[in-house]
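Residue numbers (my numbering): -19 to 75.
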């Protein structure tokens, strides 16, 4: 019997496919390292945090305001915000 975690249930409820990779897969290391480098360049290296609560608040603002504006390859070089606006504009009701 398969027991889903809360994370897996939420993904399933929203029809999101979560793609897992095998651990210790060298060909994926570059993707992960690039992602970490970009996170550092765009957020961690440009902000000062005074507490965990401050970090959490700043990260929420960054994710809402800045990160959602970056074009992304998996989204056809559109930003998450653009994709969401198009999704809503189409009047999709099955989610």
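Don't be surprised by glycine CBs; every beta carbon is placed ideally from N, CA and C.
Since the model is a prediction, treat every value here as computed from it, not as a measurement.
- Query: Any idea which residues DSSP pairs residue 58 with across the strands?
  - Reply: 52
- Query: If you draw a straight line from the C-alpha of residue 44 to the C-alpha of residue 6, how long is it?
  - Reply: In this structure, the CA atom of residue 44 is about 32 Å from the CA atom of residue 6.
- Task: With DSSP collapsed to three states, give me the class of residue 0.
- Result: coil
- Message: Tell me the DSSP secondary structure of residue 42 in three-state form.
- Response: helix
- If you compare alpha carbons, which of 38, 65, 53 and 37 is closest to residue 15? Nearest of 38, 65, 53 and 37 to residue 15, Cα basis: 53.
- Query: Could you check where the alpha helix (DSSP H) with residue 25 kicks off and where it finishes?
  - Reply: Careful: residue 25 lies outside any alpha helix (DSSP H) and carries neither H nor E.
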